[in-house]
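Have a look at the structure below, then the notes.
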Amino acid sequence: MIYPITKYGVPVLEKPAAPVTKFDAELEKICADMFESMYAAQGVGLAAPQIGLAMRLAVIDVSLGKNPEAKLVLANPEIIHSEGEQREEEGCLSLPGFRGSVIRPLYVTVRAQDATGKSYEMRSEGLLARAFCHEIDHLNGVLFLQHLSMLKRDLIKRKIRKLRKSGDW
Ligand code: NI
Numbered sequence: 005m006i007y008p009i010t011k012y013g014v015p016v017l018e019k020p021a022a023p024v025t026k027f028d029a030e031l032e033k034i035c036a037d038m039f040e041s042m043y044a045a046q047g048v049g050l051a052a053p054q055i056g057l058a059m060r061l062a063v064i065d066v067s068l069g070k071n072p073e074a075k076l077v078l079a080n081p082e083i084i085h086s087e088g089e090q091r092e093e094e095g096c097l098s099l100p101g102f103r104g105s106v107i108r109p110l111y112v113t114v115r116a117q118d119a120t121g122k123s124y125e126m127r128s129e130g131l132l133a134r135a136f137c138h139e140i141d142h143l144n145g146v147l148f149l150q151h152l153s154m155l156k157r158d159l160i161k162r163k164i165r166k167l168r169k170s171g172d173w
């Protein structure tokens with residue numbers, strides 16, 4: 005099932021999500037639906053609050069569905085190590101049409117659980133490291149807007165207010 009993606013302004017996007025405690029068939033279904041919704045929206049990552057669920061759960065695939073091994077489920081993820089720095093343009097499915105330059109660590113090691121509850125650790129660099137940071141931010145109620153300069157952030161918020169007034173957001 006493809007979920008509609010929540011857009012900036014919906015409260016669930018700006019609240020810390022609750023830990024995943026039940027690793028059952030329902031969770032596996034949510035993960036499958038999240039992958040489907042992410043691919044439909046052509047994203048490389050999707051966090052549960054973006055489909056309206058306040059759970060510490062995200063999916064990532066930086067291969068955009070080309071490599072089955074790149075499919076990652078992150079339940080209750082945490083960054084246990086980060087190193088270096090990268091600055092790149094970043095976007096978010098909850099802020100369609102907007103991008104901004106965000107500094108992230110170049111290398112990130114994450115500890116998370118998969119859809120069955122099994123714990124794993126993964127070291128990443130570049131785009132995957134960026135995706136880990138971006139999605140874990142979502143689970144803490146943080147959007148990439150918060151990493152932009154105040155000037156750029158206010159500009160985007162102003163444009164969104166206008167879009168909302170005209171019914172386009
Ligand atoms: Ni996002």
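Taking the numbering used here, I'd label the letters of the sequence shown as residues 5 to 173.
For each residue, glycine too, the CB sits at the ideal point set by N, CA and C.
Computed from a prediction, not measured in an experiment: that's the story for all the values here.
Discussion item. Here's the rule I'm using: 16 or more other beta-carbon atoms within 10 Å means buried, otherwise exposed. How should V48 be labelled?
Written reply: buried
Discussion item. Measuring only the C-alpha atoms, how far is V77 from L68?
Written reply: Computed Cα separation, rounded: 14 Å.
Worksheet item: Mind checking S41: buried by the 16 CB within 10 Å criterion, or exposed?
Response: buried
Worksheet item: Among all the DSSP beta bridges, which residues are the ones paired with E93?
Response: S105
Fill in: Helix, strand or coil at Y43 according to DSSP, with G and I counted as helix
helix
Practice prompt. Mark H142 as exposed unless 16 or more other C-beta atoms lie within 10 angstroms of its C-beta, in which case mark it buried.
Written response: buried
Worksheet item: Is the segment 134-154 touching the segment 91-99, taking contact as three or more C-beta pairs under 8 Å?
Response: yes
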